[in-house]
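Worksheet: the structure to be examined is printed underneath.
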Amino acid sequence: MNNYLFSQGGSGTKYTLMNFNWSEGLYSRHQRTVNFRNESDKFVYIFNNPIDILKSFERRGFLNRKDAVINLQADVSYKPPMDLTSIGEMGIDFFHFENHFDNFYNQKNKGLFIKFESLDKGWKEIERFTGMKSMSEFEWKYKNSNHSVYSDETINKLNNMYSSWIEKYNNLDSVFYNKKIKKIKI
3 MNNYLFSQGG SGTKYTLMNF NWSEGLYSRH QRTVNFRNES DKFVYIFNNP
53 IDILKSFERR GFLNRKDAVI NLQADVSYKP PMDLTSIGEM GIDFFHFENH
103 FDNFYNQKNK GLFIKFESLD KGWKEIERFT GMKSMSEFEW KYKNSNHSVY
153 SDETINKLNN MYSSWIEKYN NLDSVFYNKK IKKIKI
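Just so you know, we're using our numbering here: the sequence shown kicks off at 3 and counts up by one.
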C-alpha cells in the first residue's frame with residue numbers, strides 16, 4: 003500500500019509536506035489523472051477556493067507562465083502573461099479546478115479530502131489515514147488571500163465564473179473521505 007499527496011496547487015501542499023515525512027509515502031503534486039499502483043493505495047487531497055488558488059498562483063508568478071495549467075493537466079491554450087483581472091475579463095477557467103477535484107473524488111481508491119482553511123484540523127486524520135506521524139514542532143500559519151487589492155468588479159467576475167465550484171466548495175465538509183470509512187471526529 004502506498005500513500006499519495008495531491009492538491010490543486012495553492013492549497014497548502016507545502017505546509018503538508020513540511021509537517022509529514024512523505025518519504026514514507028508518495029508526493030505526486032498536481033496532476034489530475036492518476037494511475038495508482040494498487041487498489042489499496044490511498045491518497046490525501048488538499049483543495050482550496052479557486053480565487054484563493056489563483057491569488058497564490060499570481061503571487062508566485064505562475065500566471066505569467068504556463069506552469070500552473072501544465073501541472074494541473076488543464077487548458078494549455080492559456081496564453082501568459084495574465085493576472086486575476088485579465089482572467090476575470092476573459093471569463094475562462096483555464097485551470098478546471100472543479101474537474102480536478104471531481105477526478106479525485108470519483109477515484110476508486112480511498113481518499114481523504116481536506117479544505118485548505120481546515121488543514122490544521124486535518125493533521126490527526128492524516129495520521130490515522132496514512133499511518134504517518136506529523137512533526138510536533140510544526141506550526142500551522144493560515145494565509146488568507148487579500149482580495150482588497152482587486153476591484154469589486156474583478157472579484158465579482160471571478161465569483162461568477164467559478165460560482166458552481168464555489169457553491170459546491172462552501173457546502174463540503176472541512177475534512178471528509180470519498181468512501182465511507184468511518185465517522186471523522188475533529
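Note that beta-carbon positions come from the ideal geometry of N, C-alpha and C, so glycine has one too. All of these numbers come straight from a predicted model, not from anything done at the bench.
For a test of the three-state rule: what should DSSP assign to residue i, helix, strand or coil?
| i | result |
| --- | --- |
| Asn5 | strand |
| Val78 | coil |
| Phe59 | helix |
| Ser136 | strand |
| Phe22 | strand |
With C-beta atoms as the reference, is residue i less than 8 angstroms away from residue j?
| i | j | result |
| --- | --- | --- |
| Arg34 | His102 | yes |
| Ser58 | Gly12 | yes |
| Asn50 | Phe97 | no |
| Asn37 | Asn4 | no |
| Leu56 | Leu19 | no |
| Leu121 | Tyr17 | yes |
If you count every other CB in all the chains shown that lies within 10 Å of the CB of residue i, and 16 or more means buried, which is it?
| i | result |
| --- | --- |
| Glu1 | Look at the range of the chain in this structure, 3 to 188, and you will see that residue 1 is not part of it. |
| Ile275 | Beyond the ends of the chain as shown, which are 3 and 188, falls residue 275; an answer cannot be given. |
| Lys135 | exposed |
| Asp175 | exposed |
| Val151 | exposed |
| Met137 | exposed |
Specify, as a first and last residue, the run of the beta strand (DSSP E) that residue i falls within.
| i | result |
| --- | --- |
| Leu114 | 112-117 |
| Phe45 | 44-49 |
| Val177 | 177-179 |
Can you give me the start and stop residues for the alpha helix (DSSP H) that residue i sits inside?
| i | result |
| --- | --- |
| Tyr107 | 99-107 |
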